[in-house]
Ligand code: NAD
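In my numbering, the protein residues as written are 45 to 515.
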C-alpha cells in the first residue's frame, strides 16, 4: 500500500499528518493507497504560493515555457507504465486503455501545446490597436476520477503554457496520477509555486479553492451538480469559469446506414471505461422497423465485452471505480426495468464469478421511452438505451431532447446527409460515420454539459484575457 501523506506546495512536498482517505482497487475493493484529506489551511498555502509566483511566470518567455513542457512530455513518457497501472487499478480501466488514454494521450496533449506555443499570436495587430493576450491569473483546477490524468493535463498544461499559475485539487477517488504528475513537474525547471497540488475533499479544500479571492479562474471537470455549485461560487466574485460536465449523447442511425457497423461502433463507445465516459453514446436511436435487429446486434456486441480484472489482457470491461458508483448504476438498471424498458442484455446482478470488486454487467435496454429517467439522466455505467424513432424529425427532437449537449454520432451511407443531420445536433462534438479522434479539435459542451472548450488553441485561449492598446 502506498502512503502518500503529502501535498505539493511552492515547489516542495509538504508533509501532511492529519486525516487520510483510502484509495481502493476497483477489481477487489482492497485498499491500495492512502492520501491526505487536507484541511483548508493547506489549500490557503497553495493559493498563496500560486499568487506569489504569478507575476514572474506571467512574464516568462515562450522558450522557458516550451522548455518545461518538453521536460514534462519526456517525464510522462518515461513514467507511462507506472501511470497506466495506478489508474487501471483505482478506476478499473483496462490496462491497454489506461496506457493509451492516461499515459499516451496526456503526453500527446502536452506535445501539441509545446509545438503550438511558439506559433501562438500572443500579440496581434488590429487596425491601430495592438491586441495582447495576457494570462488570467491563478487558476483552480478541479478534476474527477474517470480519466484522472487526462482531465488534469487538459487543464494544467494549457494554463501553464498561457502563463498562469495553478492549484490542482484532484479527485480523492483516483488521485495517484496527480502525485506522479507533481513528481514529474518537481524534476523540471518550473519555478516554485507555478504548479501546486492539494489532495482532499470537495466540501473542504475544494470549497476553499472555489471561494478564494486570489483565484481568478476555475477550470472544472465533473458532475453537473458540482459544476452548478462552482458556477455559483464563481459568480459571487466574477471569476472566469470553464466547466466540462456530464452528457447523455445520442448515436443516430439514419435509415440508409450500415446498421451493423453503427451498432458495433456505438456499443464499443458506450461501454468504453465501463461507461464512465462523459462523451459516451448512451442512447442509440434507430428507425422503428430496424429496432429489433439493432437490439440483437447490440446484445451480441455487449456479450463480446469480456468482463474481468482490468490488468488482464483479455478484459474489455473492467469494474466501476467505486462501490458507490456501482450501486448508483445498479439502481438505474432496476429503474429501467420498472419504467417498462425491455432488458435485452445484462441486468442488475454482478457478472458471473465477479462478486468481489465493483463489477456491473454490460446492459442493453430496448424500446426505451425517450422521456424516461434512464433516457434522460447520466448513468455513468455500462448501460445502453435503444430508442426507436418513426422519422428523422422525431430522431432529431429526441437526440436534442435532454438538458445535456456534449457529444453525438450520426451514421448514414451518404456522408453529406450525415453531416447535414450532425449540424442540427445541439452538442459540442459529433462523430460522423465513426470518424477518428483529433487532439487539435475543440472539445466541450452545450447546455448543461458545460461552458468553454478544451484541446487545441481553444483550450489555450480559455486561460487568456484579451486587452487592446490603442496606438
Ligand atoms: P464530482 O462532480 O462529484 O467531482 C469532481 C471533482 O469536484 C472532485 O475533485 C470533487 O472532489 C470536486 N468537488 C465536489 N464538490 C465540490 C465542491 N463543492 N467544491 C469544489 N470541488 C468539489 O464528479 P465525479 O463523480 O468525480 O466525476 C463524474 C462526473 O464527471 C460525471 O457526471 C461525468 O459526466 C463528469 N465528467 C465530465 C467530463 C467532461 O469533460 N465533460 C469528463 C469526465 C467526467
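The beta carbon of each residue, even a glycine, is placed where N, CA and C say it ideally should be. The model shown is predicted, which means the values in this text are computed figures rather than measured ones.
Exercise for the section: Kindly give me the distance between the Cβ atoms of residue 346 and residue 315, rounded to whole angstroms, as I take these residues to be in contact under 8 Å. Expected result: Position 302 of the chain shown, counting from 1, holds the residue named residue 346. Position 271 of the chain shown, counting from 1, holds the residue named residue 315. 7 Å between Cβ atoms; contact.
Practice task
Consider the C-beta atom of residue 421 and the heavy atoms of the ligand NAD; say whether any pair is separated by less than 8 Å.
Solution key: Residue 421 sits at position 377 when you count from the first residue of the chain shown. Residue 421 Cβ: outside cutoff for every heavy atom of the ligand NAD.
Practice task
Measure from the alpha carbon of residue 379 to the alpha carbon of each residue in 397, 418, 394, then state which is nearest.
Solution key: In the chain shown, the residue the question calls residue 379 occupies position 335. Checking every option, the nearest Cα to that of residue 379 belongs to 418.
Problem - Where residue 339 sits in the DSSP three-state scheme - result: Taking the chain shown and counting its residues from 1, the one referred to as residue 339 is at position 295. Residue 339 falls in the helix class under three-state DSSP.
Exercise for the section: Rounded to whole angstroms, what's the CA-CA distance from residue 306 to residue 330? Just pull it up for me. Expected result: Residue 306 sits at position 262 when you count from the first residue of the chain shown. Residue 330 sits at position 286 when you count from the first residue of the chain shown. Each residue's alpha carbon lies about 10 Å from the other.
Problem - Reference residue 400, options 50, 73, 311, 59, closest by Cα - result: The residue labelled residue 400 in the question sits at position 356 within the chain shown. Closest by alpha carbon: 73.
Exercise for the section: Please report the residue range of the beta strand (DSSP E) in which residue 455 lies. Expected result: Within the chain shown, the letter at position 411 stands for residue 455. Counting along the chain, the beta strand (DSSP E) containing residue 455 begins and ends at 452 to 455.
Exercise for the section: For residue 517, count neighbouring C-beta atoms within 10 Å of its own C-beta (all shown protein chains included) and say buried if the count is 16 or more, exposed if not. Expected result: Residue 517 is absent from the model: the chain starts at 45 and stops at 515.
Problem - residue 100 classed as buried or exposed, judged by whether at least 16 other C-beta atoms fall within 10 angstroms - result: As a position in the chain shown, residue 100 is number 56, starting the count at 1. Its Cβ having fewer than 16 others within 10 Å, residue 100 is exposed.
Exercise for the section: Assign residue 370 to buried or exposed, taking buried as 16 or more other Cβ atoms, counted over all protein chains shown, within 10 Å of its Cβ. Expected result: What you label residue 370 is simply residue 326 of the chain shown in a count that begins at 1. Classification of residue 370: buried, given that the 10 Å Cβ count is 16 or more.
Problem - Inter-stretch contact (C-beta, 8 Å, three-pair minimum) for the stretch 474 to 484 and the stretch 182 to 193 - result: no
Handout entry: Distance CB(residue 341)-CB(residue 219) smaller than 9 Å
Key = As a working note, residue 341 is residue 297 in the chain shown. As a working note, residue 219 is residue 175 in the chain shown. Not closer than 9 Å, so no.
Problem - Check: residue 355 C-beta below 8 Å from any heavy atom of the ligand NAD - result: Mapped onto the chain shown, residue 355 falls at position 311. Result no, Cβ not under 8 Å from the ligand NAD.
Handout entry: residue 138 to residue 132 span [Cα, whole Å]
Key = Residue numbering aside, residue 138 sits at position 94 when the chain shown is read from its first letter. Residue numbering aside, residue 132 sits at position 88 when the chain shown is read from its first letter. Residue 138 and residue 132: Cα-Cα distance of roughly 6 Å.
Problem - Classification of residue 510 by the beta-carbon crowding that lies within 10 angstroms, buried from 16 upward - result: Position 466 of the chain shown, counted from the start, is the residue given in the question as residue 510. So residue 510 counts as exposed.
Practice task
Please say whether residue 254 and residue 496 have beta carbons closer to each other than 9 Å?
Solution key: As a working mapping, residue 496 is identified with position 452 in the chain shown. As a working mapping, residue 254 is identified with position 210 in the chain shown. Residue 254 sits away from residue 496, with the two beta carbons spaced by 9 Å or more.
Practice task
Would you mind working out which of 421, 87, 223 sits nearest residue 252, comparing C-alpha positions?
Solution key: Walking along the chain shown from the start, residue 252 turns up at place 208. Minimum Cα distance to residue 252 is reached at 87.
Practice task
Rounded to whole angstroms, what's the CA-CA distance from residue 94 to residue 212? Just pull it up for me.
Solution key: Counted from its first residue, the chain shown places residue 94 at position 50. Counted from its first residue, the chain shown places residue 212 at position 168. Each residue's Cα considered, the two are about 11 Å apart.
Exercise for the section: Could you check if residue 45 is buried or exposed, using at least 16 other CB atoms within 10 Å of its CB as the buried criterion? Expected result: As a first step, residue 45 is located in the chain shown; it is residue number 1 there, counting from the start. Residue burial annotation: residue 45 is exposed, with fewer than 16 other C-beta atoms found within 10 angstroms of its C-beta.
Exercise for the section: Note down the Cα distance separating residue 335 from residue 193, rounded to an integer number of angstroms. Expected result: Taking the first residue of the chain shown as 1, we reach residue 335 at position 291. Taking the first residue of the chain shown as 1, we reach residue 193 at position 149. Near 38 Å, if we compare the C-alpha coordinates of residue 193 and residue 335.
Exercise for the section: Identify every run of the alpha helix (DSSP H) within the stretch 439 to 503, keeping only runs that are complete inside it and at least 4 residues long; order them along the chain. Expected result: 459 to 466
Exercise for the section: Mind listing, in chain order, the continuous beta strand (DSSP E) runs of no fewer than 3 residues lying wholly within the stretch 270 to 358? Expected result: Within the stretch 270 to 358, the complete beta strand (DSSP E) runs of at least 3 residues fall at 284 to 288, 293 to 297, 325 to 331.
Handout entry: Residue range of the unbroken alpha helix (DSSP H) whose run includes residue 92
Key = Counting from one through the chain shown, the residue named residue 92 turns up at place 48. From DSSP, the alpha helix (DSSP H) with residue 92 extends over 84 to 102.
Problem - Nearest-angstrom beta carbon gap, residue 501 and residue 166 [assumed within contact, 8 Å] - result: Residue 166 sits at position 122 when you count from the first residue of the chain shown. Residue 501 sits at position 457 when you count from the first residue of the chain shown. The pair is not a contact, with the Cβ atoms about 12 Å apart (cut-off 8 Å).
Exercise for the section: Kindly confirm or deny that the stretch 266 to 274 and the stretch 150 to 163 touch, where touching means at least three C-beta pairs closer than 8 Å. Expected result: no
Problem - Helix, strand or coil at residue 196 according to DSSP, with G and I counted as helix - result: In the chain shown, counting from the first residue as 1, residue 196 sits at position 152. Residue 196: helix per DSSP, three-state reduction.
Practice task
Take residue 412 and list the residues in its own chain whose beta-carbon comes closer than 7 Å to its own, dropping the five residues that flank it on each side.
Solution key: The sequence position of residue 412 within the chain shown is 368, counting from 1. A distance below 7 Å between beta-carbons, with the five flanking residues on each side excluded, links residue 412 to the following residues of its chain, in chain order: 385, 418, 419, 429, 430, 431.
Practice task
Tell whether a beta-carbon distance below 9 Å holds between residue 236 and residue 97.
Solution key: To locate residue 236, count along the chain shown from 1; it is residue 192. To locate residue 97, count along the chain shown from 1; it is residue 53. Yes; because the gap between Cβ atoms is below 9 Å, this pair is in contact.
Exercise for the section: Return yes when at least one heavy atom of the ligand NAD lies under 8 Å from the C-beta of residue 251, else no. Expected result: Here residue 251 refers to the residue found at position 207 when the chain shown is read from its first residue. Answer for residue 251: yes, Cβ within range of the ligand NAD.
Problem - Strand pairing of residue 68, partner residues [DSSP] - result: Stepping through the chain shown from its first residue, residue 68 is reached at position 24. According to DSSP, which records beta bridges pairwise, residue 68 is partnered with 75.
Problem - Segment contact, 8 Å Cβ cut-off, at least three pairs: the stretch 226 to 245 with the stretch 271 to 279 - result: no
Exercise for the section: Return the CA-CA distance between residue 134 and residue 76, expressed in angstroms with no decimal places. Expected result: Translated into positions along the chain shown, residue 134 becomes position 90. Translated into positions along the chain shown, residue 76 becomes position 32. C-alpha separation (whole angstroms): 8 Å.
Handout entry: For residue 389, the first and last residue of its enclosing beta strand (DSSP E)
Key = The residue you call residue 389 lines up with position 345 of the chain shown. Unbroken beta strand (DSSP E) run through residue 389: 386 to 389.
Practice task
Go ahead and label residue 426 buried or exposed: buried means 16 or more other beta carbons lie within 10 angstroms of its beta carbon, across all protein chains shown.
Solution key: For the purposes of this step, residue 426 is identified with residue 382 of the chain shown, where counting begins at 1. With 16 or more Cβ atoms within 10 Å of its Cβ, residue 426 is classed as buried.
Problem - Whether residue 408 touches residue 339 by CB criterion (9 Å) - result: Numbered from its first residue, the chain shown carries residue 408 at position 364. Numbered from its first residue, the chain shown carries residue 339 at position 295. Their beta carbons are under 9 Å apart, which means residue 408 touches residue 339 by this criterion.
Handout entry: Residues near residue 395 in its chain [Cβ-Cβ closer than 7 Å; skip 5 each side]
Key = As a working note, residue 395 is residue 351 in the chain shown. Counting only residues of its own chain and dropping the five nearest sequence neighbours on each side, residue 395 has a CB closer than 7 Å to the CB of 351, 403, 405.
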